[in-house]
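Since the structure comes first, as structure tokens, the remarks are kept for the end.
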Amino acid sequence: MDDNVGTGGHVPVMLDRVLELLGPALAGPEAVVVDANLGLGGHSEALLAAHPALHLIGIDRDPFAIDFSTRRLAPYADRVTLVHASSGDLADVLARTGRTTVHGALFDLGVSSPQLDEAERGFAYSYDAPLDMRMDTSQELTAETVVNTYSAAELARILRDYGEERFASRVAALIVKERAKEPITSTKRLAELVREAIPAATRRTGGNPAKRTFQALRIEVNAELSALEAALPAALDALALGGRVVVLSYHSLEDRLTKQVLAARTKDTSPPGLPVPLEAHQPRFRLLTRGAELPSEEELARNPRAASARLRAAERIRVDHD
Numbered sequence: 001m002d003d004n005v006g007t008g009g010h011v012p013v014m015l016d017r018v019l020e021l022l023g024p025a026l027a028g029p030e031a032v033v034v035d036a037n038l039g040l041g042g043h044s045e046a047l048l049a050a051h052p053a054l055h056l057i058g059i060d061r062d063p064f065a066i067d068f069s070t071r072r073l074a075p076y077a078d079r080v081t082l083v084h085a086s087s088g089d090l091a092d093v094l095a096r097t098g099r100t101t102v103h104g105a106l107f108d109l110g111v112s113s114p115q116l117d118e119a120e121r122g123f124a125y126s127y128d129a130p131l132d133m134r135m136d137t138s139q140e141l142t143a144e145t146v147v148n149t150y151s152a153a154e155l156a157r158i159l160r161d162y163g164e165e166r167f168a169s170r171v172a173a174l175i176v177k178e179r180a181k182e183p184i185t186s187t188k189r190l191a192e193l194v195r196e197a198i199p200a201a202t203r204r205t206g207g208n209p210a211k212r213t214f215q216a217l218r219i220e221v222n223a224e225l226s227a228l229e230a231a232l233p234a235a236l237d238a239l240a241l242g243g244r245v246v247v248l249s250y251h252s253l254e255d256r257l258t259k260q261v262l263a264a265r266t267k268d269t270s271p272p273g274l275p276v277p278l279e280a281h282q283p284r285f286r287l288l289t290r291g292a293e294l295p296s297e298e299e300l301a302r303n304p305r306a307a308s309a310r311l312r313a314a315e316r317i318r319v320d321h322d
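Have a look at this one:
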């Protein structure tokens, strides 16, 4: 959701490519698209403008995103359904809206610009703020709770699995040692501890050493990977014949998970050696991208936050007949 229209005038990440890939699936008279990570609604606005008959279902767990997008998409209000929910609840959202079949699905993962830019949200190590990091500000679990109550082993696992932090055990041990003296409640204090825990030689390269820890905590607080694990298969299941999905990831964990889910749906599972492929084992989807596509140099110049974006897409080519 590195979509910062209205917070600097940038266009949403890889917008032209998203429109190009989803376009053929959304040209019908009763097309429905689900934007599973609505954010500031930049992609949604462009899709609605490009397809005058399109109905859009937008999902976001951040109340700010729902409020902002409600205003932004007001010109299309009769073709828009916005739902305050986690993308992990996608199947339930579609059931509740009565739109169990869709023609397009967009996932723009990660953290949105307002979340990064508003210091008090606690997502960024570049500001001193309370350790919060909740996308849904109504939920109880915060980064402060994780940092001050999880065991050293749990913290190390999160930092290793979600932050791909080589020094996870060292960082976790120092956090546990320091929180015994007094609770760790600010982003600045946490960033200082991470810096202290990581060997000096490593600190000299690769940007701010706190980056990986902050990513890991954000993913844990917001259950981002488990939401994607539930939402992407649900979206694929809901796609009509010819329907398309586009996924924008911003770190390797999301991209790897997306690649695995799409690979499983796009391979022939027939037993080897059969003279004729079995219909029941034919893939239901085909990939529309070769590997993960990257933003262009031109886009990076316009929108530096697109730097880590990776795009994958697929199309439904068969439906199961009961």
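Quick note: the sequence shown uses the UniProt record's numbering, first residue 1, plus one each step. Heads up, the beta-carbon is just placed ideally off N, CA and C, and yes, glycines get one too.
For residue j and residue i, the rounded distance between their alpha carbons
i           : j           : result
residue 227 : residue 91  : 11 angstroms
residue 222 : residue 277 : 42 angstroms
residue 194 : residue 280 : 52 angstroms
residue 218 : residue 150 : 14 angstroms
residue 180 : residue 142 : 19 angstroms
residue 131 : residue 159 : 16 angstroms
residue 288 : residue 99  : 25 angstroms
residue 310 : residue 297 : 14 angstroms
residue 9   : residue 53  : The predicted position of residue 9 is uncertain, since its pLDDT is 47 and thus under 50; no value can be drawn from it.
residue 60  : residue 183 : 31 angstroms
residue 1   : residue 105 : Its pLDDT being 42, under 50, residue 1 is placed unreliably by the model, and the measurement read from it follows with that caveat. Using only the alpha carbons, I get a separation of about 14 angstroms.
residue 17  : residue 244 : 13 angstroms
residue 231 : residue 88  : 5 angstroms
Residue i (DSSP reduced to helix, strand or coil)
i           : result
residue 285 : strand
residue 280 : helix
residue 81  : strand
residue 68  : helix
residue 12  : coil
residue 171 : helix
residue 20  : helix
residue 182 : coil
residue 196 : helix
residue 63  : helix
residue 140 : coil
residue 295 : coil
residue 166 : coil
residue 269 : coil
residue 38  : coil
For residue i, the first and last residue of its enclosing alpha helix (DSSP H)
i           : result
residue 93  : 90-97
residue 55  : Counting along the chain, residue 55 falls outside any alpha helix (DSSP H), though it belongs to the beta strand (DSSP E) covering 55-60.
residue 161 : 152-163
residue 218 : 211-222
residue 146 : 143-149
residue 35  : Residue 35 -> not in any alpha helix (DSSP H); beta strand (DSSP E) instead, spanning 32-35.
residue 253 : 252-265
residue 46  : 42-50
Residue i - containing beta strand (DSSP E), residue span
i           : result
residue 107 : 102-108
residue 242 : 239-249
residue 316 : 310-316
Residue i burial status per 10 Å Cβ neighbour count (16 or more: buried)
i           : result
residue 314 : buried
residue 172 : buried
residue 20  : exposed
residue 3   : Because the pLDDT of residue 3 is 39, which lies under 50, any placement of that residue in the model is unreliable, and the question is left without a value.
residue 58  : buried
residue 196 : exposed
residue 260 : exposed
According to DSSP, residues forming a beta bridge with residue i
i           : result
residue 130 : 186
Residue i CB to nearest heavy atom of the ligand FAD below 8 angstroms
i          : result
residue 36 : With respect to the ligand FAD, the structure shown offers nothing to examine, as it has no ligands at all.
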